[in-house]
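The structure appears right after this line, and notes come after that.
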Amino acid sequence: MILGEFIINTLSLGSMYALVALGLVFVYGILKLVNFAYGEYVMVGGYTLYVLGTFTPVPWLAVMIIAVLMAAATSYLTELVAFRPVRTKSLDAMLVTSFAVSVLLQNAVLLLVSPRSRAVPLPAIFSQSVAIFGVVTPMRNVLTIVTAVLLLTGLTLLMKYTVLGIAMRAAADKFTTTRLMGVPANLVISVAFIISGFLAGVVSVFWVGRSASVDPLIGFTPLLIAFIATVIGGMNSLVGAVVGGFAYGLLFNALSILLPASLISYRDAFMFAIVILFLLLKPEGLIRGNYTEERVG
Amino acid sequence: MTHTMLTIRDLHASYGAITALHGISLDVNEGELVALLGSNGAGKSTTLKSICGVLRPVYGSVVFLDEQIANKTPESILKRGISLVPEGRDIFTSLTVAENMRLGAFVSYNRKRYQEDLEEMFGLFPILKERLHQPGGLLSGGEQQQLAIARALMSHPKLLILDEPSLGLSPALVDQIFELIVRLRERGMTILLVEQNAERALRVADRAYVLNTGVMEFSGTPEELENELDIASVYFGGGEGNKEVTL
Ligand SMILES: Nc1ncnc2c1ncn2[C@@H]1O[C@H](COP(=O)(O)OP(=O)(O)OP(=O)(O)O)[C@@H](O)[C@H]1O
Ligand SMILES: [Mg+2]
């Protein structure tokens, strides 16, 4: 049963990491921008859960949906007011902007709520246990996996079979040529940010679902994991991000089990050592995107 | 009196400190096939990029169907009816042939007409039908060129612009591409054709322009060009069968 437990834990953790990585890479694929404000979309989702869950009688399912939408809206808004004006300037300008947006959002929460962490009320279903194939596991693990499967299926269909999806893939390949087809640059980029924020919102639900608390720095770890997972998986491919997310989850869980108790507090150091070693051997990541490195300017 | 479709006046364009166009002027009338010639680095592609909104002109005007388009975005210029077949084909290699075609019809999509348009393109380019569900990157150079032209036609352009469509193709394929250009011209399509293969281009063009390091050196009919041009000043590489042609 230990194996069964390991598999379910890894799938659940991997699902969450896959979604977190996918959200980052959606914007990266098109703008070639590592959006440092990405973690703050998770934070916005987390605080929405906290505020609505604590101070309003809104049912928890609605609270979660609103949290996801808030994260997506925040992402879209930052694109509109912060990234769009500097987009044609330079990639460096956008990077600095993404730092600025990140700090601004964090400070807004520091000011409006508190620098300290807040407990988030969770629905009972998150902590209930279920038995699956004889393995007893928290319900939230199952919910994470199911949500990830549904979302990944939906996004695959969107990218493969809708003209918007085709345009998004084309824009990640050759942005200017895509515009020459009549595809508006702003449309493609806005959609990328909305999907990115949407995924960050979904992640916020499960992230907070594990810790039951939220603080202004909550976005840092998801951003870091997303970044490492996409680097492992291959920055230029959506599939790579998903694969990277699962690989990261697997590595994390494997180290948790394999490392002796005396070394477990150095788990992150081992993680990074392995990742660096891997990148030395395979710098392009697990999945090689067939996209060129054209920047949007 | 023919109606003027595209009017370029005193167009200046630069890449940072490098000035590529020093105030050129050019007209394309409705139904015409105009050739824009010049050697490597003359500024031909820069001219096309300026027309299509990929490059913002530093100075000058680009008027298409009585509307100033010099500062419009590429997507809005395509919507107005200018479609570019970019240099080096520039198809989406990771997308299938069908997806490339679908994006060509992005602004003009209409379910019923789309099928008819596809069938028409398969008539012109049978190979595309066979390769419909393969990634564009797996096509040969000539097939990619056909896909690029078909994709551009899917938007039903009023003005089709081709940037060196014969580049890198075998003589047989060059013949095929030029036949196609003539056929499109006969069907009433207005075409601006950039070529280094001057001899071939002049054989099909109504009028021609010659660009030399960002300056328009000549404009007139192909006959005038052959008579008037200072032969020593312009050198065209890569004529038919790669024989060098001097005009
Ligand atoms: N992206 C760019 N950045 C800087 N300079 C450029 C760029 N593209 C073109 N140039 C320069 O502008 C000038 C004109 O280039 P352009 O591409 O318009 O030439 P062309 O006539 O199309 O040549 P070819 O026949 O080789 O395609 C050249 O001197 C070229 O070096
Ligand atoms: Mg050129």
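Chains A and B supply the protein sequences, listed in that same order. When the letters of the first sequence are read in order and numbered with this note's numbering, they come out as residues 1 to 297. When the letters of the second sequence are read in order and numbered with this note's numbering, they come out as residues 1001 to 1247. All residues carry an ideal CB built from backbone N, CA and C; glycine is no exception.
query	result
By Cβ distance, which residues of its chain are closer than 6 Å to Leu223/A, with the 5 residues on each side in sequence left out?	Tyr38 and Gly39
Does the beta-carbon of Lys282/A have 16 or more other beta-carbons within 10 angstroms, so that it is buried, or is it exposed?	exposed
Does at least one heavy atom of ligand 1 sit under 8 Å from the Cβ of Gln1196/B?	yes
Inspect the beta-carbon positions of Leu255/A and Arg267/A and report whether they are closer than 9 Å.	yes
I need the straight-line Cα distance from Glu1217/B to Gly1016/B, nearest angstrom please.	24 Å
Do Ala212/A and Leu122/A come within 9 Å of each other at the CB atom, strictly closer than that value?	yes
Are Ala1172/B and Gly1104/B closer than 9 Å when you measure CB to CB?	no
Strictly under 9 Å for the Cβ-Cβ distance: is Thr176/A near chain B by that measure?	yes
Given that Leu180/A touches chain B, what residues does it touch there, using C-beta distances under 9 Å?	Cys1052, Gly1053, Val1054, Pro1074, Glu1075, Ile1077, Leu1078, Ser1083, Leu1084, Pro1086, Asp1090 and Ala1152
Please list the residues of the stretch 144–174 of chain A that have a C-beta atom closer than 7 Å to any C-beta atom in chain B, keeping them in chain order.	Val163, Ile166, Ala167, Arg169, Ala170, Asp173 and Lys174
Tell me whether Ser1045/B counts as near ligand 2, meaning its Cβ is closer than 8 Å to at least one heavy atom of that ligand.	yes
Check whether the Cβ of Val183/A lies closer than 9 Å to any Cβ atom in chain B.	yes
In chain A, what lies closer than 8 Å to Arg1102/B by C-beta?	Val163 and Ile166
Report yes or no: is there a C-beta of chain A within less than 9 Å of the C-beta of Lys1243/B?	Low confidence applies here, because Lys1243/B scores a pLDDT of 34, under 50, leaving its location unreliable and the question unanswered by this model.
Closest to Thr1093/B by CA distance: which of Leu187/A, Ile7/A and Phe175/A is it?	Phe175/A
Can we count Glu1067/B as close to ligand 1, meaning its CB is less than 8 Å from some heavy atom?	no
Does any residue of chain A bring its CB to less than 9 Å from the CB of Phe1125/B?	no
Identify whether Leu1048/B lies in helix, strand or coil by the three-state DSSP scheme.	helix
Do Leu1128/B and Val1085/B have their beta-carbon atoms positioned less than 9 Å apart in this structure?	no
Pull up the distance between the alpha-carbon of Asn9/A and that of Ala171/A, whole angstroms please.	36 Å
Under the criterion of a Cβ to heavy atom distance below 8 Å, does Gly1081/B qualify as lining ligand 1?	no
Pick from Val1034/B, Ser1039/B and Glu1186/B: whose alpha carbon is nearest that of Leu1211/B?	Ser1039/B
On the criterion of 16 or more Cβ atoms from any shown chain inside 10 Å, does Arg179/A qualify as buried, or is it exposed?	buried
Assuming Ile145/A and Ser237/A make a contact with CB atoms under 8 Å, what is their CB distance in whole Å?	With 8 Å as the limit, Ile145/A and Ser237/A do not qualify as a contact, their Cβ atoms being about 22 Å apart.
Note down, in chain order, each residue of its chain lying with its Cβ closer than 7 Å to the Cβ of Gly14/A, except the 5 sequence neighbours on either side.	Gly245, Phe246, Gly249 and Leu250
Roughly how far, in whole angstroms, is the beta-carbon of Val191/A from the beta-carbon of Leu150/A, given that I think they are within contact range, below 8 Å?	Val191/A to Leu150/A, Cβ: 19 Å. No contact.
Can you find a heavy atom of ligand 1 that lies under 8 Å from the Cβ of Ile7/A?	no
Quick one: which chain C residues come within Cβ less than 7 Å of Glu1099/B?	Structure shown: chain C not included; protein chains present are A and B.
Leu1169/B to Gly1141/B, Cα distance in whole Å?	7 Å
For Val1204/B, tell me which candidate among Thr1213/B, Val1215/B, Gly1214/B and Leu1184/B has the shortest Cα-Cα distance.	Leu1184/B
Considering only residues of the same chain and omitting the five flanking positions on each side of Arg116/A, which have a CB-CB separation below 6 Å?	none
Specify the secondary structure class of Pro216/A as computed by DSSP and reduced to three states.	coil
CB-CB under 6 Å to Ile2/A, same chain, minus the five flanking residues each way: which ones, in chain order?	none
What are the residues in the stretch 1152–1167 of chain B lying within 7 Å of chain A by C-beta distance?	Ser1155
How many angstroms separate the CA atom of Gly1043/B from the CA atom of Ala241/A?	41 Å
Do you know how far the Cα of His1012/B is from the Cα of Thr1213/B?	12 Å
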